[in-house]
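Numbering follows this note's numbering, in which position 114 of the sequence shown is assigned residue number 119; successive positions increment by one, without gaps.
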Amino acid sequence: MTVLTRRIGGVQLEIIVADITSLGVDAIVNAANSSLLGGGGVDGAIHRAAGPDLVAECRMLHGCKTGDAKITKGYRLKAAHVIHTVGPVWNGGTQGEDDLLTSCYRRSMELCGKHKLSSVAFPAISTGIFRFPGGRAAKIAIDTTIEALPAAPLVGQVIFCCFSETSAALHTDVLARHGSPC
Ligand code: AR6
6 MTVLTRRIGG VQLEIIVADI TSLGVDAIVN AANSSLLGGG GVDGAIHRAA
56 GPDLVAECRM LHGCKTGDAK ITKGYRLKAA HVIHTVGPVW NGGTQGEDDL
106 LTSCYRRSME LCGKHKLSSV AFPAISTGIF RFPGGRAAKI AIDTTIEALP
156 AAPLVGQVIF CCFSETSAAL HTDVLARHGS PC
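The structure is reproduced here in structure tokens:
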């Protein structure tokens, strides 16, 4: 379900409520852990939908630091690629959590640029098992992604794929202040 669509230059930014594993975009972003070997939440759902070849490729990546991102193929997913990023665990906000979450979105967009991707979908990184406050995370997600659009010049569609109406409302508050209606 599409909640809000905005246009910035040639880029369409959308907030939707959906299961990210169902999306046929160039890349879906995974809120992974530093092992990259799977887990719960959206990470578990992506690995289940992609099948066992995904974890086999992930094993060859030798993990990922918090705030960084790595790319694999999408295997049985409709998405051609998965960008695995590791968000921070929320510890009250004094352990560099904002900067690390910012880095997740920036590094993911840089990978979109490097691999010449044209569409990408993000989940609300760190806001589940890692307990990052949803409103604070939504502002970082949208502001950082918009700032990073020049790093991914072929991207024409960015989806913020929320898993609840509450999360979508938090993202809508932020995105409504940017760009123009479609
Ligand atoms: N589609 C879209 N969003 C989803 C889906 C889905 N299928 N499933 C959950 N979400 P979380 P984190 C939302 O916990 O907080 C794993 O064990 C969810 O509602 O998946 O970054 C990893 O291995 C929330 O809004 O990720 C790590 O150990 C958002 O996705 C750890 O969890 C992120 O929630 C990462 O925790």
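For each residue, glycine too, the CB sits at the ideal point set by N, CA and C.
It should be emphasised that the depicted structure is a prediction, and the values quoted were computed from it without experimental measurement.
Given residue i as reference, the closest of the options once Cα atoms are compared
i: T90; options: P186, L159 and L66; result: L66
i: G72; options: C63, Y110, A85 and A50; result: Y110
i: R11; options: S108, A143, H120 and I164; result: I164
i: I20; options: G97, L42 and C166; result: C166
Contact under 7 angstroms by Cβ, residue i with residue j
i: Q162; j: S124; result: yes
i: T177; j: V8; result: yes
i: S172; j: G133; result: no
i: D48; j: A32; result: no
i: C117; j: V60; result: no
i: A74; j: I88; result: yes
i: L154; j: V34; result: no
i: L105; j: A143; result: no
i: I130; j: V179; result: no
i: A84; j: M114; result: no
Cβ of residue i within 7 angstroms of any chain C Cβ
i: A85; result: The structure shown has no chain C; it contains just one protein chain.
Nearest-angstrom Cβ-Cβ length linking residue i and residue j, presumed shorter than 8 angstroms
i: P128; j: I25; result: 5 angstroms
i: A54; j: L82; result: 6 angstroms
i: C63; j: L41; result: 4 angstroms
Alpha-carbon spacing of residue i relative to residue j, whole angstroms
i: G79; j: L18; result: 22 angstroms
i: R136; j: G92; result: 10 angstroms
i: V22; j: V30; result: 15 angstroms
i: G68; j: R182; result: 36 angstroms
i: I145; j: S39; result: 21 angstroms
i: K119; j: P158; result: 10 angstroms
i: D103; j: F168; result: 21 angstroms
i: S185; j: M6; result: 20 angstroms
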